[in-house]
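Residue numbers (our numbering), protein chains in the order written: chain U, 1 to 567; chain X, 1 to 369; chain F, 1 to 200. Comments concern the structure below.
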Amino acid sequence: MADSTLPIDGPVGGTIGVPHEVEDVPTWGERLHEWVTTVDHKKLGLMYIGYGLLFLLVGGIEALLIRLQLFFPNNHFISSVVFNRLFTMHGTTMVFMVGMTIIIGFANYLVPLMIGARDMAFPRLNAFSFWMTALGGLFLYYSFIGGVGLQGAGSAPDFTWWGYAPLTERAFSRGHTADYWALALIVQGFGTIGAAVNIIATTFSMRCKGMTLFRMPLLVWLNLVVAGMILTTISPLTAAQIMLTIDRYLGGHFFDSQAGGSPLLWFHFFWIFGHPEVYVLVLPAFAIANEVIPTFSRKAIFGYPAMVAASVGIGFISVSVWAHHMFTVGMKPASNAFFVLSTELVGVPTAIKIFNWIATMWGGRIRFTTSMLFATAFVAQFLLAGLTGIMLSVAPWNWQLHGTYFVVAHFHYVLVGAIVFCIFSGLYYWYPKMTGKLLDERLGKWHFWLFLIGFHMTFDLMHIPGLLGMPRWIYTYQPGHGWEIWNQLVGVGAVFQAVAMLVFVYNLVHSYLKGTDAGPDPWDAWTLEWFTPSPPPAYNFATEPVVRSRRPLWDIKHPEDPDWKYE
Amino acid sequence: MFSLRATMFHPGEKVNAKRKFLVSRGIRHLTCGFISMFASGVAWAQTASDGIARTQNPFHPHSSSAHLIQQLSFFTLAITGAIFAVVAGLWLYVVIKYRQHGSNEQMEEPPQIYGSTQIELAWTVIPILIVVVLFLTVARILFALQDQPVPQNALHVDVVGHQYWWEFRYPSYGFITANELHIPLGEPAGTVTTGLKLLSADVDHSFWVPSLYGKVDTVPNKENDIVLDPTQTGVYEGQCAQFCGTAHAQMLLRVYVQTPEEFAAWAKRQQDTAIEDPAVAQGRQVFETQSCVSCHTIRGTAAHGRFGPDLTHLMSRDTIASGLISNTPENLKRWIEDPEAIKPGALMPAMQLSGDQIDQMVTYLATLK
Amino acid sequence: MSAVPVPVIAQAPSESWPLPDRGVVGMFAVIVAESTIFLIFVVAYVYNIGRSVSGPTPREVLDLPIFNSICLLSSSFTIWLAERALKKGAMRTFIGWWALTAALGAIFLVGTGLEWHKLIYKDGLTISTNLFGTTFYSLVGLHASHVIVGLVMLSLVLAFALAGKVGQEHRQRIEVLGLYWHFVDMVWVVVFTVVYIIGR
Ligand code: HEA
Ligand code: HEA
Ligand code: CUA
Ligand SMILES: [Cu+2]
């Protein structure tokens, strides 16, 4: 690696390689106590991420069972009731317990470090948010034990992650599964909103000297936008879930069609949450790519202001497109047309991002570490995913595609091909900072290629049964539609992904125990977090850094032509 | 696009010309891996392992509307395919051209470039233009499809989604049937013959017969209207496309497009009350004394239930259990013995009848031609 | 690609480095989130006006809580006076205005309580009676719950103030609390218009 030992006192001030306080090794009890009671943004960040990865495995196992059941037509290995629970829990878990927690984890860990702060604005609120989130996950999975499903037998919610009313009302969803589902999302919702408040206050009020808004790393910018979106995205869901709970417990009639209530209202509320939510999930993924791609292309990000503008733009447009999930509920042509337009307009700011990433790589010297491999694959995959999104936004065609596996393919292409890929990229990139050890590159390559093959086998091919009219949410299907072969290939792909996952889990553990020491700045990067020892001490920076440009470490490493000359 | 506008006002024979126009257009962009993927998909649709040619496939349109939608899909595939080819090409070029050779140490940093207003402006404006073109096309077809006028003499059917079956009411004829919708072919073929009013009795369902039209939901407390303009007689399969509970996967349906004469004959038969056959009085007696009557209707008998399908002309249907199994006495027997075994989650209970009670009932039902 | 310098606010390290107060920023964020929650409930209310399949209707049972509203809204003014007094360091006036604010809030709550008592026992309108009942109690109740939270915090501050534990050094925090209270009042303006004017 190029010089990872930095001058003790650059123009940035601060010190590197502060020795860890040498204290005697704590007992397990003390360790546990320390983690449970911690308010340190780094520990909390790690807990968020670990929690999310755990649920990724759970949700993944549910996915494997789904694929197993769909392997043959007329297969009755898994009963319909169980199958319906599986995909409902899979979807809910993956979106809320995996996506949200991991992205918030990264924000928690990185935002203060990147803006030269010593912690979040409200450390205690931060801890509270995490434990609320954790509680949400427990509630959701407790329904396996405490709830009773649609058929009065077994348990766990089984009405899709949309929870379309009135299926979730008492009349159609007896027992307590819907209650645990609603409760879980309400509780976690509060946690998420708390985290968002914290991130916003931190970025506005905790920046180190010289860290103007327009010198913040893009990762911080995007997480700021996301936090802003969370405030107006999660709250509608929380409100709707409260209404549902009122219906189920106090005999309310919000979505009770018998009493004049309107299920349609739930559709709107859910998607007013649901669509922005997907950008809440993907922007932090972009954020990771925005740090990884420049570092490994050895170039500054191309068009920083445009990237900021595009992110803010996406934030605003995305609140006006929700009904593209509802083209089939029977809206007037005019409103359909409106949502077609707004939806397709989102393609424009997104285009800017894709092109800027390509332009950043253009003329660079790309180092294909595992982290960069994931980021590079992400760019191409997100391109295709976005384009299938555009196809879905074509309302009349959407009437054919909606509710088929084409949709499932589209959103896994984004959720897995973009978000999960970026999460992996980010983990390979920051794991050294978090643990002080490099993740093993050889295992990393295995992980990448296996997951890449598995991903494309699963989700490229999944488009086809969709186009051939295979609906989602079906636990079994008649032979002869021409779906069988595709479902089988898709299933095999999922197994590849599973193996890749195991390699990854192994790598995490193996490298932690036996990995090579990373040093403070293994990638020769440019943002402030690399200006601390790995892992950083509780106080992050011995002396508060002072920055003069977007790439403070570049300025130190290249005194001959520092960035601030251009800013 | 201009030609598309032409179609919007009079769907029907014109369609095919436009279709060729757009297909050829789609073909020209076969560069896009995606289109070829989809093409291979259509090829697969032909295979039918169990002999029955499955017709639940959006890419076998048999109505003017479905044709129009298919053209639009080709048009969209062409545009997105072109975009993909260009951008993915760029990506590939960069990834190959600019990878670092040699170890990190001997490398000094490449020239730093922070941005370029002109270029960024270019790749902002171009997408906007594409979006405008795409949107205008979509909007035209959208209005064309949703504002199709329903002729005076058109057939009107109320479609009611139930957990987990379809009720079809023919108000103008005064009869009700289930799971198999019969509609006439227009003359000329491809003109609107039927207006459907989509309703729900309980939860959300979605009425979907890909070869005839896109899916439209049946939402409680909401009425949706669509029109059907088939171009060919035949049987078209569909399926409930909105998750509605345990047996959602088995909430199938069929649409029979018949010549006006065939349709008239069918409707005439449906209007009659149930056939009375003294030979099967026992079975009928079993039926009427069981709680069957509280859910099913057999016009001309004591059975007036509305919760389950109308059985007045049960035997005129090819399938039972909403298109799940063929309508044979054996299947009827299996179904009555234990619906749960055939269709898990079905709301019809097993009646706990003795063997010969069931036989009598089946022989009775088998007479309801 | 020609390199163009990107414009940023020039900022030499030596200069002073003013940042907004995190409490204020945080509270504004909370208010945005809360507003969205209220917005959804308001939409639900408006959408369902007149959709109840059974009585009683708003016309029959609701009458304008004018006095209540005046109390709550004026409390926004008194809390502002209190803050101003605190700035000046006039502790006694601060306590006076602050106490009055809390009192006005309490009166509002009592008023709501009486209204609900009448609705439930005289008019027989509960949350499960009909759609109107459901939407009414949820929306008004959601707001009332916010008043309660505010009231608790107001009284805490009052207690500390009486114990002489509140000084100018707490101005920032008091302001943050003030922000919340103003928000609660603003929401009431909306709820009032929707429920008692449009809804009737
Ligand atoms: C971030 C979100 C996310 C992610 C990552 C995934 C990942 C995957 N999903 Fe997911 N999916 C959704 C979000 C996500 N999904 C949503 C929102 C829905 C809609 C739900 C609804 O309709 O209600 C859905 C629905 C959905 C369906 C449709 C179900 C239906 O409608 O009937 C299918 C079917 O194939 C599917 C498959 C998969 C597969 C194969 C993966 C694979 O990528 C999974 C790969 C991961 C693994 C295979 C885990 C590996 C674990 C191990 C190897 C275990 C070993 C370890 C231990 C035992 C400790 N998903
Ligand atoms: C991270 C998540 C994520 C992201 C980023 C997106 C991005 C997009 N999505 Fe996706 N979507 C989901 C997650 C996501 N989606 C999920 C989870 C569902 C289903 C939930 C469920 O049903 O369970 C869904 C469903 C969904 C639907 C509803 C399908 C249906 O149920 O009927 C639609 C319809 O319009 C849609 C459209 C889009 C569009 C237009 C984009 C755009 O943002 C894409 C923009 C990107 C590009 C367009 C590519 C790059 C652009 C260029 C190269 C420039 C040139 C291109 C043009 C000018 C067009 N999505
Ligand atoms: Cu009816 Cu799904
Ligand atoms: Cu969306």
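Quick reminder that beta carbons are idealized off the backbone N, C-alpha and C, glycines included. Since we're looking at a predicted model, the values are computed, not measured.
Pick from the options that is closest to residue i, judged by C-alpha positions
| i | options | result |
| --- | --- | --- |
| A418 of chain U | U:R67, U:L383, U:P276 | U:L383 |
| E288 of chain X | X:L365, X:F75, X:V138 | X:L365 |
| Y566 of chain U | X:Q357, X:E105, X:Q112 | X:Q112 |
| A377 of chain U | X:A66, X:S63, X:W91, X:L77 | X:W91 |
| V36 of chain U | U:R124, U:V95, U:M89 | U:R124 |
| I40 of chain F | U:T232, U:S257, U:H456 | U:T232 |
| S393 of chain U | U:A375, U:W322, U:T458, U:L219 | U:W322 |
| E34 of chain U | U:A127, U:F302, U:V98, U:H90 | U:A127 |
| P58 of chain F | F:Y180, F:D185, F:L119, F:L162 | F:L119 |
| W399 of chain U | X:A241, X:V255, X:D277 | X:A241 |
| S129 of chain U | U:A494, U:G194, U:G519 | U:G194 |
| L142 of chain F | F:D21, F:L86, F:W188 | F:W188 |
| G345 of chain X | U:S318, U:V416, U:S320, U:F83 | U:F83 |
| N68 of chain F | F:D185, F:T36, F:V25 | F:D185 |
6 Å Cβ shell around residue i - same chain, five flanking residues per side excluded
| i | result |
| --- | --- |
| M229 of chain U | P276, V280, G315 |
| G163 of chain U | none |
| P479 of chain U | P73 |
| V280 of chain X | T363, Y364, T367 |
| G515 of chain U | K437, L438 |
Close Cβ partners of residue i (< 7 Å) along its chain, the five nearest in sequence each way excluded
| i | result |
| --- | --- |
| L468 of chain U | H481, G482, W483 |
| V282 of chain U | V414, A418, I419 |
| D338 of chain X | A350 |
| A385 of chain U | H410, Y413, V414, G417, A418 |
| F302 of chain U | N356, A359, T360 |
Residue i to residue j span [Cα, whole Å]
| i | j | result |
| --- | --- | --- |
| I198 of chain F | F338 of chain U | 28 Å |
| N336 of chain U | A201 of chain X | 26 Å |
| T194 of chain X | I453 of chain U | 48 Å |
| L489 of chain U | G89 of chain X | 27 Å |
| E180 of chain X | R140 of chain X | 33 Å |
| G466 of chain U | A500 of chain U | 26 Å |
| F496 of chain U | G313 of chain U | 37 Å |
| F192 of chain F | A161 of chain F | 33 Å |
| L22 of chain X | V132 of chain X | A caution first: L22 of chain X carries a pLDDT of 42, below 50, which makes its placement in the model unreliable, though a value can still be read off. In a straight line, the C-alpha of L22 of chain X is about 19 Å away from that of V132 of chain X. |
| I61 of chain U | T476 of chain U | 19 Å |
| P284 of chain U | H182 of chain F | 34 Å |
| L196 of chain X | F355 of chain U | 47 Å |
| Y93 of chain X | V235 of chain X | 50 Å |
| A247 of chain X | Y164 of chain X | 6 Å |
| L130 of chain X | W123 of chain X | It should be noted that the sequence gives Ile, not Leu, for residue 130 of chain X. In a straight line, the C-alpha of I130 of chain X is about 11 Å away from that of W123 of chain X. |
| L439 of chain U | F421 of chain U | 16 Å |
| K222 of chain X | L252 of chain X | 22 Å |
| T93 of chain U | I366 of chain U | 36 Å |
| W17 of chain F | F374 of chain U | 39 Å |
Buried versus exposed, by CB contacts within 10 Å (16 or more), residue i
| i | result |
| --- | --- |
| V547 of chain U | buried |
| F270 of chain U | buried |
| C208 of chain U | buried |
| L64 of chain F | exposed |
| P471 of chain U | buried |
Chain-ordered neighbours of residue i on chain B, where CB pairs are closer than 7 Å
| i | result |
| --- | --- |
| I141 of chain X | The chain inventory of the structure shown lacks chain B, comprising the protein chains U, X and F. |
Sequence-distant residues of the same chain with beta carbon closer than 8 Å to residue i, five excluded per side
| i | result |
| --- | --- |
| G473 of chain U | Position check: residue 473 of chain U holds Trp in this sequence, whereas Gly was assumed. Once the five neighbours on either side are set aside, the close Cβ partners of W473 of chain U are N84, F87, T160, G403. |
Point to revise | 3-residue-minimum beta strand (DSSP E) runs that sit fully inside the region 110-191 of chain X, ordered along the chain | key: 155-162, 165-170, 175-178, 180-184
Check your understanding: Can you list, in chain order, the stretches of the beta strand (DSSP E) that have 3 or more residues and sit fully within the region 232-318 of chain X?
Key -> Qualifying beta strand (DSSP E) stretches, in chain order: 234-239, 252-258.
Practice item. May I have a chain-ordered list of the alpha helix (DSSP H) segments no shorter than 4 residues that lie completely inside the region 232-314 of chain U? Key: 263-297
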